[in-house]
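Residue numbers (this note's numbering): 62 to 735.
Cβ atoms here follow ideal geometry from the backbone N, Cα and C, with glycine treated the same way.
Given the structure is predicted, the values throughout are model-derived calculations rather than measurements.
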């Protein structure tokens, strides 16, 4: 017996779900559907209201009934179960889903969406805290000499009236509006702004004005997904360039400027030649990959001397826990052989620091990996890398999980894979690990569930954090001098996460700081400096010229622990960096400027973000700038009960000897196996 969610219909202010029944015995008199909320385990049972045939039934409900007061909970995820209560057949059948809906706005601040989990089971998701001043659109493009916008024209099946597109000129502090027409598709509008109407050399932000329930509104237009697939650049008939981009808060910005001249376009010809070179390089990489795969299939025998291979972030760095283990190993057991697996970009660093290395994806690299005794890495090796039986693979991982990982990601939207394939590859790779390092019980439980990991877990703390526990004031002073940080000023570290929706197009990423550097400088520039640590994919998009001596960009500094040590406070959003920074017992401030959109549209969290954090949350720029001053006045959090509860839960097992414990584990394995 099966039940499949196959459709959604709107009946006035109610929602009607259609189910396809397979091998469900008649009669249908007592059929109902039970909704089970995944987090709270609350349940609601709703009877089938309409039988269309022996295979198709419908039930009618009010989506607003699928939300209820729950402290700190702003989204509700309901599983569906067909409830059989017939004479000879009783029980529950979980409803599958072949129907995925777009978001449906219930009120200005709530919406629902039909989805499915990783196993194809139906989910009715309610979201109740959307910002009231935001209007989420479906698409935006530059086509036919117009800026074209498509978005919803109804709330809970009730029409939004008097909709107009509005552009606000940032420089001139002025605005203009254009009426919106409705599309043939039910519930959607299309609005257009002629590009010839745009003010010359302007930067403008997009808004929508409308009337909802008799109330006149002005809302900022946001696009939750990336701009990938949208047409975001156009040159007008009078040779003007128009560009659409997204702000840090997912708002839409329209820029108008003069198009490049012929000499400027000719200056870009080398870039096109470079594109051909890049294509050739890609073809060579594919040929090299084929060659590497064949090399791994050849028979290899282990080196006679114990040989340890270290790798960090796929060879892009010599850093993190593998580096901490390596440094201690070379001090205690210099008679072993140690080799780093690196990208070519790390050759200079290795040579300057006397670190033996092998370049990834070379024949020497294959031979070295296959003949080594131990692999120690903080990220996954490619699936095509063959692990011999005599190799012990120690996975240090690279952070305490905040965002969902692996099998716990219910719907994987990465290009080139499906949820099922992604999960299968994750489990296959994870169970090549002979031992996995964990920093606490919380992480251990998640690693077991998210990785499907069944081998040994070493709950010893992250070796990279030994430095935080063992460093002295003199070490911190020396670090500041090395990095050029003024010794007489406080240091504020800003380390946000990378957001999936910052992807613009292949090879291009966007980022804009979500607070004013001018205001930071005006308020705190005399007494404090700001250190930026951005994700490597977007670090090159930053421009901090004009803020010398106040703002420092250390996005490419190899050891983030150095930045923790020199900082008096941390500002972050959803990055797991706060788990490590908490070891220092210094203040942490959270600035999730797009929290509800990020949580709802991208990835879920393991922790309750609004309850479990070791610091306060700033909800807007002014709160953030005010709280910075307050936090700098409280440099030690050891008397803060909430902070110390967090510390005991996540940091307390690390005694500064994690590296030594991993070294001892490896030596034990060597002695055991000879």
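Under the criterion of beta carbons closer than 8 Å, residue 444 and residue 372 do not qualify as touching, at roughly 15 Å. Cβ contact annotation for residue 424 (same chain, cutoff 7 Å, sequence separation greater than five): 356, in chain order. Between residue 120 and residue 78 the beta-carbon gap is near 6 Å, inside 8 Å, which marks them as a contact.
If you look at residue 202, you'll find it in the beta strand (DSSP E) that goes 200-204. With contacts defined as CB atoms closer than 8 Å, residue 211 and residue 249 qualify as a contacting pair.
With 16 or more other CB atoms across the displayed protein chains lying within 10 angstroms of its CB, residue 353 is buried. One alpha carbon belongs to residue 669, the other to residue 135, and they sit about 11 Å apart. By the Cβ criterion, the stretch 477-487 is not in contact with the stretch 674-687, since fewer than three pairs of Cβ atoms, one from each stretch, lie closer than 8 Å.
Runs of the beta strand (DSSP E) lying entirely within the stretch 64-103 and spanning at least 3 residues, in chain order: 75-83, 93-98.
Counting only runs that start and end inside the stretch 232-298, the beta strand (DSSP E) elements of at least 3 residues fall at 235-243, 249-255, 263-273, 276-283, 294-296. In the structure shown, residue 120 adopts extended strand secondary structure according to DSSP, grouped into three states. Between the stretch 622-633 and the stretch 642-650, the count of C-beta pairs closer than 8 Å reaches three or more; the two stretches touch. Considering only 93, 76, 144, 156, the residue with the shortest C-alpha distance to residue 63 is 156. Around the CB of residue 367, 16 or more other CB atoms lie within 10 Å, so the residue is classed as buried. Under the three-state reduction of DSSP output, residue 719 falls in the helix class. DSSP places residue 480 inside the alpha helix (DSSP H), whose first and last residues are 480-491. The continuous beta strand (DSSP E) containing residue 372 extends over residues 368-372. The shortest C-alpha to C-alpha distance from residue 578 to any of 86, 639, 298, 610 is the one to 610. Residue burial annotation: residue 76 is buried, with at least 16 other C-beta atoms found within 10 angstroms of its C-beta.
The Cβ atoms of residue 625 and residue 463 lie no closer than 8 Å to each other. Per DSSP, the unbroken alpha helix (DSSP H) holding residue 531 starts and ends at 527-531. Taking 8 Å as the cut-off, the Cβ atoms of residue 201 and residue 296 do not count as close. Between residue 193 and residue 172 the beta-carbon gap is near 12 Å, outside 8 Å, which marks them as no contact. Pairing residue 419 with residue 526, the inter-Cα distance amounts to about 26 Å. Distance from the CA atom of residue 127 to the CA atom of residue 217, rounded to whole angstroms, is 14 Å. Where residue 225 is concerned, there is no enclosing alpha helix (DSSP H), although the beta strand (DSSP E) around it starts and stops at 222-230. For residue 134, no beta strand (DSSP E) segment is defined, and its DSSP state is neither H nor E.
No residue range can be given for residue 698, since it is assigned to no beta strand (DSSP E) and is classified by DSSP as neither H nor E. Bridge pairing for residue 456: 438, 497 [DSSP]. Using a Cβ-Cβ distance cut-off of 8 Å, the stretch 512-522 and the stretch 536-556 are not in contact, since fewer than three pairs of beta carbons, one from each stretch, lie closer than that value. Following the DSSP letters along the chain, one finds residue 551 in no alpha helix (DSSP H) but inside the beta strand (DSSP E) bounded by residues 551-555. Excluding sequence positions up to five before and after residue 542, its CB lies within less than 8 Å of the CB of 548, all in the same chain and listed in chain order. A contact is defined here as three or more CB-CB pairs under 8 Å, and the stretch 288-308 fails this definition with respect to the stretch 269-278. One Cα belongs to residue 580, the other to residue 586, and the distance between them is close to 9 Å. The beta-carbon distance between residue 644 and residue 716, rounded to whole angstroms, is 11 Å. This is too long to meet the 8 Å contact definition.
Residue pairing from DSSP places residue 210 in a beta bridge opposite 201, 252.
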